[in-house]
Structures are given as C-alpha cells and as structure tokens.
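Protein sequences, first through last, are from chains A and B.
The first sequence begins at 110 in the working numbering and counts up one residue at a time.
The second sequence begins at 8 in the working numbering and counts up one residue at a time.
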Amino acid sequence: DQEVSSKELQEMSTQGSKYINKEIQNAVNGVKEIKSLIVKTNEERKSLLHTLEEAKKQKEDALNETRDSETKLKAFSGVCNETMMALWEECKPCLKQTCMKFYARVCRSGSGLVGRQLEEFLNQSSPFYFWMNGDRIDSLLESDRQQAHMLDIMQDHFGQASSIMDELFRDKFFTREFPDISHYQPFSLLHRRPHMFFPKSRFAR
Amino acid sequence: SLLPYAPFEPLNFQDMFQPFFDMIRQAQQAIDVNFHGPAFQHPPMDFIKEGDEDNRAVCREIRHNSTGCLKMKDQCEKCQEILSVDCSASSPSQAQLRQELNDSLRIAEKLTKKYNELLQSYQWKMLNTSALLEQLNEQFSWVSRLANLTQDEDHYYLQVITVTSRTSDSDAPSGATEVSVKLFDSDPITVSVPEEVSRNNPQFIETVAEKALQEYRKKNRE
Chain A
110 DQEVSSKELQ EMSTQGSKYI NKEIQNAVNG VKEIKSLIVK TNEERKSLLH
160 TLEEAKKQKE DALNETRDSE TKLKAFSGVC NETMMALWEE CKPCLKQTCM
210 KFYARVCRSG SGLVGRQLEE FLNQSSPFYF WMNGDRIDSL LESDRQQAHM
260 LDIMQDHFGQ ASSIMDELFR DKFFTREFPD ISHYQPFSLL HRRPHMFFPK
310 SRFAR
Chain B
8 SLLPYAPFEP LNFQDMFQPF FDMIRQAQQA IDVNFHGPAF QHPPMDFIKE
58 GDEDNRAVCR EIRHNSTGCL KMKDQCEKCQ EILSVDCSAS SPSQAQLRQE
108 LNDSLRIAEK LTKKYNELLQ SYQWKMLNTS ALLEQLNEQF SWVSRLANLT
158 QDEDHYYLQV ITVTSRTSDS DAPSGATEVS VKLFDSDPIT VSVPEEVSRN
208 NPQFIETVAE KALQEYRKKN RE
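1. Put S234(A) into one of helix, strand or coil per three-state DSSP.
2. Using a Cβ-Cβ cut-off of less than 9 angstroms, list which residues of the stretch 71–83 of chain B approach chain A; keep chain order.
3. Determine which residues of the stretch 149–160 of chain A have a Cβ less than 9 angstroms from any Cβ of chain B, and write them out in chain order.
4. Between the Cα of E124(B) and the Cα atoms of S272(A), K201(A) and S252(A), which residue gives the shortest distance?
5. Can L161(A) and L222(A) be called in contact, C-beta distance under 9 angstroms?
6. Taking 9 angstroms as the threshold (beta carbon to beta carbon), is E217(B) in contact with chain A?
7. For P201(B), count neighbouring C-beta atoms within 10 Å of its own C-beta (all shown protein chains included) and say buried if the count is 16 or more, exposed if not.
8. Under three-state DSSP, which class holds E169(A)?
9. Spatial neighbours of G250(B) within its chain, please: CB distance less than 6 angstroms, with the 5 preceding and 5 following residues excluded, ordered by chain position.
10. Give me the residue from S137(B), Q146(B), I114(B) and A183(B) with the minimum Cα distance to S172(B).
11. Taking DSSP's pairing of strands, which residues face V198(B) in a bridge?
12. Tell me the residue span of the alpha helix (DSSP H) that contains L277(A).
13. Any beta carbon of chain B sitting closer than 9 angstroms to that of E117(A)?
14. Nearest by alpha-carbon distance to A96(B): which of F185(A), Q206(A), D177(A) and V137(A) is it?
15. Please classify W318(A) as buried or exposed, where buried requires at least 16 neighbouring CB atoms within 10 angstroms.
16. Just to check, is the beta-carbon of Q206(A) closer than 8 angstroms to a non-hydrogen atom of the ligand HEM?
17. Please report the Cβ distance between K132(B) and E153(A), rounded to the nearest whole angstrom; I am assuming they are in contact, meaning their Cβ atoms lie under 8 angstroms.
18. So for S231(B), helix, strand or coil by DSSP?
19. Are three or more beta carbon pairs between the stretch 193–207 of chain A and the stretch 135–148 of chain B nearer than 8 angstroms?
20. Using three-state DSSP, classify V170(B) as helix, strand or coil.
21. Quick check: what's the CA-CA separation for D194(B) versus M30(B)?
22. For E141(B), collect the residues of the same chain with a Cβ closer than 8 angstroms to its Cβ; drop the 5 residues on either side in sequence, then sort them by chain order.
23. With 7 angstroms as the limit, tell me which residues of the stretch 172–190 of chain A have their beta carbon closer than that to any beta carbon of chain B; keep them in chain order.
24. Hey, is E213(B)'s beta-carbon within less than 9 angstroms of any beta-carbon in chain A?
25. Examine the Cβ distances between the stretch 142–156 of chain A and the stretch 100–111 of chain B and report whether three or more of them are shorter than 8 angstroms.
26. Could you name the residues of the same chain whose beta carbon sits closer than 8 angstroms to that of N144(B), not counting the 5 residues immediately before and after it, in chain order?
27. What residues in the stretch 113–140 of chain A have a beta carbon less than 9 angstroms from any beta carbon of chain B?
28. If contacts are defined as beta-carbon pairs under 8 angstroms, then K165(A) and Y122(B) qualify, I think. What distance do you get, rounded to the angstrom?
29. Identify, in the order they occur along the chain, each residue of the same chain with its Cβ nearer than 7 angstroms to the Cβ of K85(B), setting aside the five sequence neighbours on each side.
30. Thinking C-alpha only, which one of N173(A), C208(A), R225(A) and E229(A) is nearest S111(B)?
31. Please list the terminal residues of the continuous alpha helix (DSSP H) segment that includes Q206(A).
32. Determine the burial state of S126(A): buried for a count of at least 16 other Cβ atoms within 10 Å of its Cβ, exposed for fewer.
33. Mind checking whether C83(B) and C203(A) have CB atoms under 9 angstroms apart?
34. On the three-state DSSP scale, how would you describe C94(B)?
35. How about V40(B) and H266(A): do their beta carbons lie closer than 9 angstroms?
36. Are the C-beta atoms of A183(B) and some chain A residue less than 9 angstroms apart?
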C-alpha cells in the first residue's frame with residue numbers, strides 16, 4: 110500500500126473530471142454528427158426515391174407495351190392451333206415430370222397436392238398462352254403488384270419516421286453551437302452562483 | 008424551447024430530454040419494417056439455378072398456382088418446339104406482333120429487375136437510418152443522463168477515493184495500482200492501472216478516468 114495525500118487525491122479528481130468533461134463534450138458532438146448522418150441519409154433516400162419514380166415510369170411504359178402486344182396477338186389465337194395442340198399434349202407430361210422432380214428436390218413439402226394442382230393447371234392452360242410467353246407476362250404483372258406494395262409500405266413507414274425526425278432536429282439542442290468547455294471549473298462553483306450568469310455552461314451539460 | 012422554466016429554478020433534465028427519447032423511439036418504431044415478412048419476398052424474375060435463394064420464390068409460386076412450373080419449359084423439347092412454331096404462313100402480321108411482344112417483354116423484364124434493385128437500395132437506406140437512430144438513442148441517453156447527474160452540489164464528476172499499490176490478496180496484476188473512484192452517482196468503481204504508468208504520469212489519471220467511464224457506461228447499459 111502506499112500513502113496518497115488528500116491534496117493529491119483532489120488534484121487527481123480535478124484532472125480526471127477534466128477528462129470526463131471532454132468526454133461529455135465529445136458525446137454531445139457525437140449526437141450532432143449522428144444527426145448530420147441521418148439528415149444526409151435522408152437526402153440520399155429522397156434522391157433515390159426520385160430515381161425510383163423514373164424507373165417505375167419506364168417499367169410501366171414497357172409493361173403497357175407488352176400488354177398491348179399481347180392483346181393484339183390474342184386476336185390470332187385460332188391460327189396454328191392444331192400444330193400447337195399436338196405439341197402441347199407432348200409437352201405437358203415432360204413439364205409435369207420436370208417440375209415435380211424440381212419440387213421434390215428443392216421445395217421438399219407436399220408434393221402430392223402440388224402434383225394434382227399442376228395437372229389441373231396444365232389441362233386448363235392453352236398452348237397459345239404458352240407460345241405467347243403468357244407465364245412471363247403474368248410473372249411481370251405479379252412482380253409489378255408486389256413492388257408497388259413494397260414501396261407503399263416503405264414510403265408509409267419512412268414518411269412517419271421522417272416527420273418525427275424533422276420535428277426532433279428542429280429543436281435548439283441540435284442547432285445550438287456548444288461552448289468550448291476545455292477550461293474546466295469544478296461543477297460545484299457554477300452552482301454557487303445564479304444560473305442566469307452562466308447559462309451557456311449549463312447547456313453544455 | 009429548452010428553457011421552459013423560471014431562471015432560478017434548477018433545470019429538470021429528465022423532463023427536458025424525455026420527449027427526445029420518445030421521439031427517437033417513435034421514429035425507430037416507424038422505420039422498423041419487417042423486411043422478411045411476406046410483403047418483402049422478392050418477386051421471381053428469372054429461371055432459377057439450384058441452390059439459389061430465389062429457389063424458394065419458385066417453390067412458393069408452384070405451391071400458389073403452378074405457374075412456376077412453366078419456367079422449366081427449357082428442359083422439355085416439345086415445349087421448346089411450341090415456342091418456335093412459326094405461324095406467319097397463315098397470318099404474316101402475327102410474326103411481327105409476336106416479335107414486338109417478345110421485345111417489349113425483354114425490356115419490361117430488364118426494367119423490372121432494375122426497379123427491384125433500386126427498391127433494395129431503398130430498403131438498405133431505411134435499415135441504415137434505423138441503425139443511426141439506434142446510435143443516436145444510445146449516445147443521447149448517455150449525455151442526457153449525465154446532464155441530470157451534474158446538478159448536485161459540491162460534486163466533481165470524478166472523485167478519486169483511494170490509490171493503492173497491489174496487495175497480495177488483490178486480483179490486479181503484480182505492480183499495478185488499484186484506484187477506487189466515484190463517477191457521478193456511481194458506487195465506488197475500482198480500476199487497475201498497469202505498473203508502467205506511474206502516478207506522476209499525466210496518463211495515469213486519464214487511464215483511470217477512461218476505465219471508470221467505460222465501466223460506468225457498461226453498468227448503465229446493463
């Protein structure tokens with residue numbers, strides 16, 4: 110054990126408190142830095158949203174063109190029907206077998222039910238639908254629906270969060286410049302005087 | 008306003024900062040969408056290779072309405088033949104229409120894929136903001152708690168209570184100095200300073216303060 114005088118302990122306390130004081134200042138600055146990052150991310154998000162809107166417009170134009178071509182082509186559905194029907198009858202068993210193999214290997218659940226459902230689906234489908242890539246069109250339309258739904262949800266959530274953040278960051282705490290508190294005085298000294306003479310030091314805390 | 012109180016009244020930091028916490032928490036809750044929920048399953052776009060995570064999407068599609076099976080048409084010769092049937096002999100304009108359809112389909116698929124990537128970037132931005140809010144909450148809670156604790160009279164932030172060299176029953180390494188401190192409202196915290204940092208070295212008290220602060224923040228998080 111070694112003797113340490115009370116004066117030395119007090120000096121250590123003062124020096125240690127200076128260090129802690131700096132850390133408090135760092136934390137306050139950290140809060141502001143995080144706030145700036147949030148604001149920056151939000152700006153980037155807005156810009157991304159603009160890009161999304163443009164991409165959405167392009168995508169929808171292409172989808173509309175696809176649908177138009179599909180509608181026009183449907184008017185010819187009787188043409189080549191015989192050839193297609195014959196090929197379709199041979200295509201169906203292969204398609205069923207390939208799909209069931211894939212399902213059993215990858216999906217690993219309820220193959221029996223899926224098999225019956227698939228057979229029914231193939232019997233009801235038209236080779237013309239197949240010839241026109243109707244499955245790809247349906248898949249695109251389904252994607253479009255899901256994407257619109259996803260964006261709606263995200264926009265809704267982000268809208269709520271943004272308005273709260275805007276209100277939060279308008280507060281003086283986030284806009285005020287904090288004073289330099291590197292010249293530390295023990296806190297007790299401040300308390301012995303009226304607060305009105307030292308308002309800035311109080312804010313720093 | 009940060010100063011809703013009379014000038015001579017002590018500031019009540021808890022009341023002052025609590026709305027901030029509430030707002031940060033509300034913002035976080037609003038932003039935390041369940042990205043793994045059914046609304047965020049990525050739509051199947053291409054034929055899927057085995058082992059690809061999108062296999063699950065094809066499985067879902069097959070279970071849902073069997074259309075996923077049509078993606079496997081490339082593996083059946085007769086199905087391929089249907090796709091290459093040329094009906095232009097009986098109706099010449101049909102060939103052109105079909106070409107137009109296939110072209111616009113390819114473009115639509117490409118743009119849908121691009122759109123999907125942008126949506127994912129958007130999701131990422133949301134997750135990023137949520138993580139920043141989490142950081143803000145953590146940093147803010149530490150600052151505001153200290154603000155509340157520095158109001159007591161006659162308190163140093165850090166008070167050194169004892170400084171002791173290592174004793175035989177101590178857990179500290181040989182030659183280390185054990186320092187017991189009080190930080191704000193904490194119970195005494197004991198930290199150990201290595202032998203090579205002597206008491207006369209200014210680094211000594213910084214090491215003590217840093218370790219005590221780490222311990223204090225750790226306890227507060229717990």
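Glycine included, C-beta positions come from ideal geometry on N, C-alpha and C.
Short version:
1. Walking along the first sequence from the start, residue 234(A) turns up at place 125. When secondary structure is reduced to three states using DSSP, S234(A) falls in the coil class, being assigned neither helix nor strand.
2. Flagged, chain order: N72, S73, T74, G75, C76, L77, K78, M79, K80, Q82 and C83.
3. The stretch 149–160 of chain A vs chain B, Cβ under 9 angstroms: T150, N151, E153, R154, L157, L158 and T160.
4. Walking along the second sequence from the start, residue 124(B) turns up at place 117. Comparing Cα-Cα distances from E124(B) to each of S272(A), K201(A) and S252(A), the minimum goes to S252(A).
5. The residue labelled residue 161(A) in the question sits at position 52 within the first sequence. The residue labelled residue 222(A) in the question sits at position 113 within the first sequence. In this structure, L161(A) sits away from L222(A), with a CB-CB distance that is not shorter than 9 angstroms.
6. Indexing the second sequence from 1 puts residue 217(B) at position 210. For E217(B), a Cβ of chain A is located within less than 9 angstroms of the residue's own Cβ.
7. Numbered from its first residue, the second sequence carries residue 201(B) at position 194. P201(B) is exposed by the Cβ-count criterion.
8. In the first sequence, residue 169(A) corresponds to position 60, counting from 1. Reduced to three states, the DSSP call for E169(A) is helix.
9. With chain B covering only 8 through 229, there is no way to say anything about residue 250(B).
10. Along the second sequence, read from residue 1 onward, the residue named residue 172(B) stands at position 165. Per the Cα distances, A183(B).
11. In the second sequence, the residue the question calls residue 198(B) occupies position 191. V198(B) is bridged by DSSP to V186(B).
12. Against the first sequence, residue 277(A) aligns to sequence position 168. Start and end: G243 to F278.
13. Here residue 117(A) corresponds to residue number 8 of the first sequence, with the count starting at 1. E117(A) counts as touching chain B.
14. One-based indexing of the second sequence puts residue 96(B) at position 89. Checking every option, the nearest Cα to that of A96(B) belongs to F185(A).
15. The question about residue 318(A) has no answer, for chain A in this structure spans 110 to 314.
16. The ligand content of the structure shown is nil, which means the ligand HEM is not present either.
17. What you label residue 132(B) is simply residue 125 of the second sequence in a count that begins at 1. What you label residue 153(A) is simply residue 44 of the first sequence in a count that begins at 1. The Cβ separation is near 6 angstroms, so the contact holds.
18. Residue numbering for chain B in the displayed model covers 8 to 229; residue 231(B) lies beyond these limits and cannot be assessed.
19. The stretch 193–207 of chain A, when compared against the stretch 135–148 of chain B, does not touch it at the 8 angstroms Cβ threshold.
20. Position 163 of the second sequence holds residue 170(B). Here V170(B) sits in strand by DSSP.
21. As a first step, residue 194(B) is located in the second sequence; it is residue number 187 there, counting from the start. As a first step, residue 30(B) is located in the second sequence; it is residue number 23 there, counting from the start. Rounded to whole angstroms, D194(B) to M30(B) spans 31 angstroms at the Cα level.
22. Position 134 of the second sequence, counted from the first residue, corresponds to residue 141(B). Within the same chain, E141(B) has close Cβ partners Q35.
23. Answer in chain order: L172, E174, T175, S178, E179, K181, L182, F185, V188 and C189.
24. In the second sequence, the residue the question calls residue 213(B) occupies position 206. At a cut-off of 9 angstroms, the C-beta of E213(B) has a neighbouring C-beta in chain A.
25. Two segments are said to touch when three or more pairs of C-beta atoms, one from each, lie closer than 8 angstroms; by this definition the stretch 142–156 of chain A does not touch the stretch 100–111 of chain B.
26. On the second sequence, position 137 is the one that residue 144(B) refers to. The answer, listed in chain order, is F28, I31, R32 and Q35.
27. So the list reads V113, E117, L118, Q119, E120, M121, S122, T123, Q124, G125, S126, K127, Y128, I129, N130, E132, I133, A136, V137, G139 and V140, given in the order they occur along the chain.
28. Indexing the first sequence from 1 puts residue 165(A) at position 56. Indexing the second sequence from 1 puts residue 122(B) at position 115. Confirmed, about 6 angstroms.
29. Taking the second sequence and counting its residues from 1, one reaches residue 85(B) at position 78. Closer than 7 angstroms at Cβ, skipping near neighbours: no residue.
30. Numbered from its first residue, the second sequence carries residue 111(B) at position 104. That would be N173(A), whose Cα lies nearest to the Cα of S111(B).
31. Position 97 of the first sequence, counting from 1, holds the residue named residue 206(A). Counting along the chain, the alpha helix (DSSP H) containing Q206(A) begins and ends at N190 to F211.
32. Start at 1 with the first residue of the first sequence, and residue 126(A) comes out as number 17. Counting Cβ neighbours within 10 Å, S126(A) comes out buried, since at least 16 surround it.
33. For the purposes of this step, residue 83(B) is taken as the residue at position 76 of the second sequence. For the purposes of this step, residue 203(A) is taken as the residue at position 94 of the first sequence. Going by C-beta atoms, C83(B) is nearer than 9 angstroms to C203(A).
34. Residue 94(B) sits at position 87 when you count from the first residue of the second sequence. It is coil, neither helix nor strand.
35. Start at 1 with the first residue of the second sequence, and residue 40(B) comes out as number 33. Start at 1 with the first residue of the first sequence, and residue 266(A) comes out as number 157. In this structure, the beta-carbon distance from V40(B) to H266(A) falls below 9 angstroms.
36. Within the second sequence, residue 183(B) is the residue found at index 176, counting from 1. Not an interface residue.
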